[in-house]
């Protein structure tokens with residue numbers, strides 16, 4: 008069996024990839040995908056620790072994280088559509104003011 | 006078991022390769038496809054960790070739901086000229102500093118705790134009837150959070166409709 012630390016290191020690397028995408032990219036859709044990568048890294052940590060500790064609570068928490076991720080994706084993508092309709096751009100360097 | 010380890014390394018390669026390609030591709034549709042690759046890899050690791058219910062939910066919700074939503078939005082908004090421009094934003098120096106700090110932090114803590122990370126002896130108690138056990142827990146101890154989650158989804162549906170509509 009692969010040790011638990013391998014799972015944690017894999018999740019940490021995936022989280023850092025998500026953070027890097029979030030901070031570096033300028034297309035707002037790709038930034039959103041980076042958020043999903045980070046959420047998945049955290050889910051992986053939860054499930055591997057749940058398996059290690061023989062308790063189901065981690066898996067229940069992952070279920071709730073997935074529900075919140077679905078809600079966040081719908082709202083975020085609706086915001087993206089509204090922003091694009093008003094600004095004709097998805098570049099975060101140009102979407103830095105609340106007012107038009 | 007060698008086969009067990011082999012599957013872990015294959016899935017880890019799929020996850021990391023998909024993640025890196027997701028954030029480096031120029032075309033947003035390609036990014037979404039590589040995101041699907043990563044998500045399926047994570048679902049495979051959930052199966053590997055004997056969380057069958059979560060693996061199924063991951064495939065239904067992320068691969069079937071959220072990614073299709075992403076593709077819809079990518080095709081609704083016009084990204085053609087965005088793909089031709091510079092991919093990375095102006096503050097890349099600051100961003101690089103933050104990422105390196107995070108790498109150092111996570112690496113330090115994983116290094117500090119390297120002796121405490123090993124799986125307990127397999128008891129097999131948790132791992133039988135995973136879906137049934139989750140359902141018992143969800144409708145027993147976690148009933149209130151479950152109801153709040155359903156309310157949150159309702160709010161998200163109404164909010165998305167209100168925001169995406171042109172004239173209310």
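Protein chains in written order, with our numbering: chain A, 8 to 107; chain L, 6 to 173.
Yeah, the Cβ is synthetic: ideal placement off N, Cα and C, and Gly gets one too.
Report the rounded CA-to-CA distance for residue i versus residue j, giving the unit in angstroms.
i, j, result
"residue 121 of chain L", "residue 43 of chain L", "28 Å"
"residue 117 of chain L", "residue 21 of chain A", "20 Å"
"residue 48 of chain A", "residue 97 of chain A", "26 Å"
"residue 158 of chain L", "residue 136 of chain L", "22 Å"
"residue 62 of chain L", "residue 110 of chain L", "32 Å"
"residue 54 of chain L", "residue 69 of chain A", "13 Å"
"residue 35 of chain A", "residue 87 of chain A", "8 Å"
"residue 99 of chain L", "residue 100 of chain A", "14 Å"
Would you say residue i reaches chain L, if we count a Cβ-Cβ gap shorter than 8 Å as a contact?
i, result
"residue 100 of chain A", "yes"
"residue 73 of chain A", "yes"
"residue 47 of chain A", "yes"
"residue 37 of chain A", "yes"
So with CB distances below 9 Å, who are the chain A contacts of residue i?
i, result
"residue 168 of chain L", "82, 85, 86, 88, 89"
Since residue i meets chain A, which of its residues come closer than 8 Å, beta carbon to beta carbon?
i, result
"residue 9 of chain L", "8, 9"
"residue 69 of chain L", "Within chain A, no residue comes near residue 69 of chain L; the closest Cβ sits about 11 Å away, beyond 8 Å."
"residue 154 of chain L", "71, 74, 75"
"residue 136 of chain L", "The contacting residues do not exist; residue 136 of chain L stays about 10 Å from chain A at best."
"residue 157 of chain L", "74, 75, 78"
Any beta carbon from chain A within less than 8 Å of residue i's own beta carbon?
i, result
"residue 163 of chain L", "no"
"residue 24 of chain L", "yes"
"residue 55 of chain L", "yes"
"residue 45 of chain L", "no"
Can you list the residues of chain L that residue i reaches, using a CB-CB cut of under 8 Å?
i, result
"residue 15 of chain A", "115, 122"
Under 7 Å Cβ-Cβ, which residues of chain A neighbour residue i?
i, result
"residue 17 of chain L", "17"
"residue 104 of chain L", "23, 26, 27, 30"
Next item on the list: Could you pull out every unbroken alpha helix (DSSP H) segment of at least 4 residues lying fully inside the segment 32-117 of chain L, listed in chain order?
Entry: 33-53, 57-62, 72-81, 85-89, 97-117
Contact between the segment 62-81 of chain L and the segment 99-115 of chain L (3+ Cβ pairs under 8 Å)
no
| Are at least three pairs of beta-carbons, each pair with one atom in the segment 25-45 of chain A and one in the segment 79-94 of chain A, less than 8 Å apart? | yes
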